[in-house]
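Residue numbers (UniProt numbering): 1 to 130. Just so you know, even glycine gets a beta-carbon here, dropped at the ideal spot from N, CA and C. Working notes, beginning with the structure itself.
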């Protein structure tokens, strides 16, 4: 049975979705600039938004079509690619900045991008060289 959302509930769902994406961006920025030291888990994000994890998952799936983790991973990868392209940090330092163990970080990146962070950086450098 599909639940029909009232205009108020729809607005609230949209507000939660916007807050979720803003929180992800802010949190990743805080990790990069060193003001946050731990990657938030989905339950932590839900808590900050004053809702349950189950409710957060339901809302994000309804409003955006994917599980919240899908978007979290995408934003982590975007942040990683930016750091690989625009910083001189080592891959190990980038991993630690984003609270990953370096070997797990490489596996994570390769799983989603099909290449290692080092290969990504080399490709970017090759494309930007004349």
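Excluding five sequence positions before and after residue 99, the CB atoms of its chain that fall closer than 8 Å to its own CB belong to 31, 37, 38 and 39, given in chain order.
For residue 80, the uninterrupted alpha helix (DSSP H) segment begins and ends at 68 to 86. Nearest C-alpha to residue 20 among 67, 103, 35 and 77: 67. Per DSSP, reduced to three states, the secondary structure at residue 52 is coil, with no helix or strand assignment. Cα atoms of residue 16 and residue 29: separation of roughly 20 Å, rounded to the nearest angstrom. Secondary structure note for residue 119: its alpha helix (DSSP H) is the uninterrupted segment 117 to 128. Nearest neighbour of residue 76 by Cα position, chosen from 117, 128 and 126, turns out to be 117. Looking at the backbone, the Cα of residue 128 and that of residue 103 are separated by about 27 Å.
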